[in-house]
Amino acid sequence: MLGIKDKVVIVTGGCGLIGREIVKELAGEGAEVVNADISLATDAAAGSFHLNLSDNASIDALVAFAMKKYGRIDALINSAYPHTKDWSDYFFEDEPFEHFRKNVELQLDSVFYLDQQVARVMMDQKDGAIVNFGSIYGIVGNDFTIYEEYGGTSTGAYCAIKGGIINFTRYLASYLGKWNVRVNCVSPGGVFDRNSKEQNEIFIRNYTHKCPMKRMAEPEDIAPVALFLISDMARYVTGQNIAADGGWTCI
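Its first residue numbered 0, the sequence shown is counted upward by one per residue in numbering that gives the first Met the number 0.
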């Protein structure tokens, strides 16, 4: 057993591609889960919370919700992926500055504020674990050849945000260690969405060809890494970034 049973865990983006698998696996391990997602209604009995990460008051209310229901927060898993609808529409030379700034605000700023508010609770408890989500493109540069055939790209904001989250995780681990609060990061590679019609078939083919394991990730490949990092089995692991990427960043 991982040692997650009865832990109170907030999962942001718990209805997303990776988040819903995290919520499912946490429940299977007997954790008390607060599923915080913009698509949900707040329901204390169901453990669901309507979270708008662009609104600090909503984040404050989430922390208060968890504390009122459980009296503690043992772990936070930041799997939410807030972004504008035109997230991937721009090549670097054409990306409006406001587009860049808005997406940094939605993702990086919200990670800072949520981590800060939850960390305050954990510092008082002298115990806790936080898992942020980076990306392979927060570790290495982009391989733009996988997009060229169909005219796609990866936005400049993405790598800036994910790289920032990875190093912010290291900062937090260094700062919060004396309170027995651990902070780690999971950096997935490309994740296949079997229910989506939006993933480009050429992208999937090209990504699969380059990846050493010759496939994209499934959500089931990523969620267990996050669970491990909040578990008692990882009680001496902090400040780490684990790339669950099928070997992408090793080549």
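Quick reminder that beta carbons are idealized off the backbone N, C-alpha and C, glycines included. Quick caveat: nothing in here was measured; it's all calculated off a predicted structure.
| request: Identify every residue that forms a DSSP beta bridge with E94. | output: Along the sequence shown, read from residue 1 onward, the residue named residue 94 stands at position 95. Bridge partners of E94: none, in fact.
| message | Taking the alpha carbon of I229 as the reference point, which residue from D73, N240 and G246 has its own alpha carbon closest? | response | Translated into the one-based positions of the sequence shown, residue 229 becomes position 230. Cα-wise, what sits closest to I229 is D73.
| said: Taking the beta carbon of E24 as the centre, do at least 16 other beta carbons fall within 10 Å, making it buried, or is it exposed? | reply: One-based indexing of the sequence shown puts residue 24 at position 25. Buried.
| said: Within 8 angstroms, do at least three Cβ pairs link the segment 31 to 50 to the segment 84 to 102? | reply: no
| From this set, R204, I21 and S173, which residue's C-alpha is nearest I145's C-alpha? | Here the question's residue 145 lines up with position 146 in the sequence shown. It is R204 whose Cα lies nearest to the Cα of I145.
| task | Would you mind stating whether C184 and G245 have Cβ atoms separated by less than 8 angstroms? | result | Mapped onto the sequence shown, residue 184 falls at position 185. Mapped onto the sequence shown, residue 245 falls at position 246. Taking 8 angstroms as the Cβ cut-off, C184 and G245 do not qualify as a contacting pair.
| At which residues does the beta strand (DSSP E) containing E31 begin and terminate? | Here residue 31 refers to the residue found at position 32 of the sequence shown. Per DSSP, E31 belongs to the beta strand (DSSP E) from E31 to D36.
| field | Three-state class that DSSP yields for G162 in the structure shown | value | As a first step, residue 162 must be located in the sequence shown, where it is residue number 163. It is helical.
| DSSP-derived helix/strand/coil call for D42 | Within the sequence shown, the letter at position 43 stands for residue 42. The answer is strand: DSSP assigns D42 an E or B state.
| Taking buried to mean at least 16 other C-beta atoms within 10 Å of its own C-beta, is N131 buried or exposed? | What you label residue 131 is simply residue 132 of the sequence shown in a count that begins at 1. By the 10 Å Cβ count, N131 comes out buried.
| task | Have a look at V180 and K125 and give me their C-alpha separation to the nearest angstrom. | result | As a working note, residue 180 is residue 181 in the sequence shown. As a working note, residue 125 is residue 126 in the sequence shown. Rounded to whole angstroms, V180 to K125 spans 7 angstroms at the Cα level.
| How about V139 and T248: are their beta carbons less than 8 angstroms apart? | Counted from its first residue, the sequence shown places residue 139 at position 140. Counted from its first residue, the sequence shown places residue 248 at position 249. A contact, by the Cβ cut-off of 8 angstroms.
| query | Should the segment 60 to 76 be called in touch with the segment 1 to 8, which here means at least 3 C-beta pairs below 8 angstroms? | reply | Yes, the segment 60 to 76 is in contact with the segment 1 to 8.
| F48 burial status per 10 Å Cβ neighbour count (16 or more: buried) | Numbered from 1 along the sequence shown, position 49 holds the residue referred to as residue 48. Buried, because 16 or more other Cβ atoms sit within 10 Å of the Cβ of F48.
| query | For S134, does the three-state DSSP call read helix, strand or coil? | reply | On the sequence shown, position 135 is the one that residue 134 refers to. DSSP places S134 outside both helix and strand once states are collapsed to three, so it counts as coil.
| request: Mind checking which residues open and close the beta strand (DSSP E) that includes L50? | output: To locate residue 50, count along the sequence shown from 1; it is residue 51. Note, L50: premise wrong, no beta strand (DSSP E); not H, not E.
| Own chain residues within Cβ distance below 8 angstroms of T83, not counting five before or after | Looking up residue 83 in the sequence shown gives position 84. Excluding positions up to five away in sequence, the list reads H98, K101, N102 and L105.
| R169 versus D231: straight-line alpha-carbon distance, rounded | Locating residue 169 in the sequence shown gives position 170, counting from the first residue. Locating residue 231 in the sequence shown gives position 232, counting from the first residue. Each residue's Cα considered, the two are about 20 angstroms apart.
| Buried or exposed (CB count within 10 angstroms, at least 16 for buried), G29 | Numbered from 1 along the sequence shown, position 30 holds the residue referred to as residue 29. So G29 ends up on the exposed side.
| request: Given a cut-off of 8 angstroms, decide if A65 and V33 are closer than it, judged by their beta-carbon atoms. | output: Your numbering for residue 33 matches position 34 in the sequence shown. Your numbering for residue 65 matches position 66 in the sequence shown. Yes.
| For the putative contact between Y136 and C158, defined by C-beta atoms under 8 angstroms, what is the C-beta separation to the nearest angstrom? | Here the question's residue 136 lines up with position 137 in the sequence shown. Here the question's residue 158 lines up with position 159 in the sequence shown. Yes, Y136 and C158 are in contact; Cβ-Cβ is about 5 angstroms, under 8 angstroms.
| Under the three-state DSSP convention, the category N194 falls into | Working through the sequence shown from its first residue, we reach residue 194 at position 195. Note: N194 maps to coil in three-state DSSP.
| field | DSSP-derived helix/strand/coil call for R214 | value | Working through the sequence shown from its first residue, we reach residue 214 at position 215. Looking at R214 - three-state DSSP - the assignment turns out to be coil, as it is neither helix nor strand.
| said: With the cut-off set at 8 angstroms, would you say G155 and E94 are in Cβ contact? | reply: Locating residue 155 in the sequence shown gives position 156, counting from the first residue. Locating residue 94 in the sequence shown gives position 95, counting from the first residue. Going by C-beta atoms, G155 is nearer than 8 angstroms to E94.
| field | Assigned exposure category for K161 - 16 Cβ within 10 Å defines buried | value | Residue numbering aside, residue 161 sits at position 162 when the sequence shown is read from its first letter. Classification for K161: buried.
| CA-CA distance, A26 and Y112? | Counting from 1 along the sequence shown, the entry for residue 26 is found at position 27. Counting from 1 along the sequence shown, the entry for residue 112 is found at position 113. Roughly 26 angstroms between the two C-alpha positions.
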